[in-house]
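Take a look at the structure below.
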Amino acid sequence: MKKNPIIAIVGNPNIGKSSLFNQLTGLRQKVGNFPSVTVEKKSGPWMLNDATEAVVVDLPGLYSLYPKALDERVVIDILANPSHEDYPDVVVVVADASNLKRNLLLFTQVADLGLPVVLALNMLDVARDKNLQVNAVKLAMKLGVPVVRINARVGEGLDQLKQAVVQQLESPKISVEKYYFNPAEQFPELIDEVKRTNAISNNYLALHHVQQHDIFSFVPQEKRVAYDKMIEKHGFKESGFQAAETMHRYAVIDGLVKDSVKTVAEFLVKPLWTRRLDKVLLHPFWGYAVFLAVLLVIFQAVFTFASYPMDLIDAGMASLNDWLKAKLPEGALTDLLTDGLVAGIGGVVIFIPQIAFLFFLVSLLEESGYMARVMVIMDKLMRKFGLNGRSVVPLISGVACAVPAIMAARSIGNRKERLLTILVTPLMSCSARLPIYTVLIALVVPSTAVLGFFTLQGLTLMGLYLLGLISALVSAWAIKGRVESAETGYFVMEMPTYQIPRWYHVGIAVWDSVKSFVTQAGKIIVAISIILWVLATYGPGDAISKAEETIQKEQPTLTGAEMENAVAAYKLEHSYAGHFGKFIEPAIAPLGYDWKIGIALLASFAAREVFVGTMSTIYSIGSEADEDNGTIKARMRAEINPKTGEAMYTPALAFSLLVFYVFAMMCMSTIATVKRETHGWKWPLIQLAYMTVLAYGLAFLTYQVLQ
Amino acid sequence: MKTIADLQLGERAFVKEFRQEDLSLKLLEMGFLPGIEVMLDFVAPLGDPIGVQVNGYCLAMRKEEAATVIVEESI
């Protein structure tokens, strides 16, 4: 870049050229005459950067490079003469945006001379008053040179102008190969001869030599005679050709301006209903109030309405089990089929209503367009925890089942935010925890009414869900600094207009989530149920096969049902599961658990929904099987702690178990899903580790504090 | 440099260029072509994200994302 480049300001009269010149040079301008003509020349310094002080030259206003007045002549005299001391390095063509076509005529002429040009759009306020809209970006793309919006009167846009000028100085964009008007198309020989004989490379400059050599101060007399001879020789008509040029340029300009200048149109606004709904749903208060209400409805549906089909399924599976037991011959295989397989399948099917209800509602919200609004109002809050507005769906879905919830995290474009969502979603209390919660709460929390319509039990249940939610957010916040990601966050998301849900789509969403639960979680739950049955039925050595003899020897007074129960209890204690429970008892004793709970923990390590079933198996085997004492709750309440001689299930133990299940990652299907979604074992193992530590530590704390 | 993040509610502007390459690829696909007119449609209750009208539909984006799109006044 030159140290003192020359910047010429060119433009039509009365469009703010002088204002721009004054803005650029301030009080340091010099007034003189252009060499060899008595036309006033104003020039002044303009600091482009620390090393470059440009000289700005304000040229007289004119409409075209064919001057009509004397003072206009100086413009073409300079622009056509590369050896002129004021020959510019960059020309700033100032244009009146409210009259762009006429102003672009001069612009195309200057550009055709092969000079680096910047187009400065001025008088945009006048254009606005005329209801005209000038798209400078499109114009720049069409013209291939920088286009800058300025307000010369108040000095706006000068920095952008400076940048554009520097850009043209450093790497000039010149549209040489593409003339707006190319005289060589009609007079190739004439243009060629002018270029050859005068060492000119530009076609349009050659034309000006032909047309205006008489007024060029730098063309000597004998050259002028030579040009006249050429004109005659090639049959060139000066004024006729100039008219043709002007018409051609205007035709080209029409095309340039068509896309760039428009009358201001109303912006395509959203449909009225969408606008009205957004007013409420994106409102700082009502937006969140409506979202809370929607959440309440979802919870109500998942936990209250879904309980009816769940009870039906429960009863159905139980009677199927009884029917099979009655019809099939007694034996290990029948037991495996009924207590193992059928009970296992029942444990899967029972969750289908909740999952179907939840995903029905969630997909209704997505289909209607409301979910996008929820993501928008939640994004900033979620981001504080390292999550994304889109994490709302996985977190809500996690209340039913973490498997489809984690898969729903796929819609989060940012890798880190998606990973965090996956890592904390299992902390949301899924429906598999609900039976554990209800049984344990019913055991130790009285159903006292609070504030009229809440019960203490209900509040405790809500507290556990809140505990899950809060720990999910806090964990995300704690982990976020430890996950590195080069990516920047994407939230970019279309805001759909509100619409009536397409029921077909809703149906598919429900079907898909139920299917993924059954195939992902279901298989594992069934398998674990069978394995567990085997572990609880068989044991090392011959203790189990000799159970009856042993009991008869030890307690010969027992008869009938009492006898059977004692035998069953003895069998369980000596089964593989019993041995395992005893083996881990020292580890879980600080949490208040005994070996029976240890068996349930082992069983539910693969799937926590197995816990209640295992407890009922353990206690039905191990205690009196009175019919009126039949519910699992009653059996657990009756359980005596052998050490204290009091009730086993103290509040301390129950809450310790509750807290343990809020945090424990006891679900093989979730681990398998996380492994698949994160493509490796690293994250599922980290997740398993952090959740296990949280579960153990907090359960320990709970037990020790409450005890 | 004015960006979409600097727009006032209801203000229009032409998309000029992008500051960040990966995001620009995404935004181009969403219809943010240089020269297209956009309008700030809404601002979320907590001031972020924002909704931008473009090509006859509304796109929600975070302010930091909006700040990668340089715009020019349109009126």
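Line order of the protein sequences matches chains L and E.
Sequence positions in the first sequence follow the numbering used here and run 4 to 710.
Sequence positions in the second sequence follow the numbering used here and run 31 to 105.
No residue lacks a Cβ here, since even glycine has one placed at the ideal position from N, Cα and C.
Asked	Found
Give a yes or no on whether the minimum CB-CB distance between residue 290 (chain L) and chain C is below 8 Å.	You won't find chain C in this structure, because its protein chains are L and E.
Closer than 8 Å, CB to CB, is residue 48 (chain E) near chain L or not?	no
Judging by CA-CA distance, which residue of L:389, L:599 and L:449 is the nearest neighbour of residue 484 (chain L)?	L:389
List, in chain order, every chain E residue whose beta-carbon is nearer than 7 Å to that of residue 285 (chain L).	72, 74 and 75
Taking beta-carbon pairs under 7 Å, can you tell me which members of the stretch 151-171 of chain L lie near chain E?	152
Please check if any C-beta of chain E sits within less than 8 Å of the C-beta of residue 496 (chain L).	yes
Would you kindly work out how many angstroms separate the C-alpha atoms of residue 353 (chain L) and residue 317 (chain L), rounded to a whole number?	7 Å
Identify whether residue 304 (chain L) lies in helix, strand or coil by the three-state DSSP scheme.	helix
What residues are listed by DSSP as bridge partners for residue 50 (chain L)?	L:56
Ignore the nearest five residues each way along the sequence and tell me which others in residue 73 (chain E)'s own chain have a CB closer than 6 Å to its CB.	80
Name the two residues that bound the continuous beta strand (DSSP E) containing residue 643 (chain L).	That residue, residue 643 (chain L), is in no beta strand (DSSP E); it is neither H nor E in DSSP.
Is the number of C-beta pairs between the stretch 255-270 of chain L and the stretch 216-236 of chain L that are closer than 8 Å three or more?	no
Hey, how far is the Cα of residue 11 (chain L) from the Cα of residue 87 (chain L)?	12 Å
Please work out which residues of its chain come closer than 7 Å, Cβ to Cβ, to residue 60 (chain E), disregarding the five sequence neighbours upstream and downstream, and give them in chain order.	89
Just list the beta strand (DSSP E) runs in the stretch 76-140 of chain L, keeping only unbroken ones of 3 residues or longer that don't cross its boundaries, in chain order.	93-99, 120-125 and 135-137
Confirm, please, whether the CB-CB distance from residue 359 (chain L) to residue 513 (chain L) is below 8 Å.	yes
Does the contact criterion of 3 or more C-beta pairs under 8 Å hold for the stretch 423-442 of chain L versus the stretch 642-649 of chain L?	no
According to the neighbour-count rule (16 or more other Cβ atoms, all chains shown, within 10 Å of its Cβ), is residue 478 (chain L) buried or exposed?	buried
Roughly how many whole angstroms lie between the Cα atoms of residue 5 (chain L) and residue 683 (chain L)?	58 Å
Taking contact to mean at least 3 C-beta pairs separated by less than 8 Å, is the stretch 652-665 of chain L in contact with the stretch 694-705 of chain L?	yes
On the three-state DSSP scale, how would you describe residue 14 (chain L)?	strand
Verify the CB distance criterion: does residue 502 (chain L) have a CB-CB separation below 8 Å to chain E?	no
Would you decide whether residue 20 (chain L) is buried or exposed? Buried here means 16 or more other CB atoms lie within 10 Å of its CB.	buried
Chain L beta carbons: is any one of them nearer than 8 Å to that of residue 36 (chain E)?	no
Going residue by residue through the stretch 170-215 of chain L, where are the continuous alpha helix (DSSP H) segments of at least 4 residues, counting only ones entirely within it?	191-201 and 206-215
Can you find a CB in chain E that lies within less than 8 Å of the CB of residue 632 (chain L)?	Note that residue 632 (chain L) has pLDDT 44, beneath the 50 cutoff, so the model's placement of it is unreliable and the number below is only indicative. No, no contact with chain E.
Go through its chain and collect everything with a Cβ distance to residue 90 (chain L)'s Cβ below 8 Å, but skip five positions before and after it.	9, 81, 82 and 84
Measuring alpha carbon to alpha carbon, tell me which residue in L:480, L:454, L:172 and L:541 is nearest residue 384 (chain L).	L:480
Which residue's Cα is closest to the Cα of residue 35 (chain L): L:62, L:185, L:602 and L:589?	L:62
How would you write the range of the alpha helix (DSSP H) that residue 553 (chain L) sits in, first residue to last?	550-557
Run through the DSSP bridge pairs and tell me what residue 42 (chain E) is partnered with.	E:69
Is the shortest distance between the beta-carbon of residue 103 (chain E) and the beta-carbons of chain L less than 8 Å?	yes
Using the Cβ count rule (16 or more neighbours within 10 Å means buried), how would you classify residue 612 (chain L)?	buried
Going by C-alpha distance, which of L:698, L:77 and L:170 is nearest residue 65 (chain L)?	L:77
Specify the secondary structure class of residue 89 (chain E) as computed by DSSP and reduced to three states.	strand
Have a look at residue 223 (chain L) and residue 163 (chain L) and give me their C-alpha separation to the nearest angstrom.	41 Å
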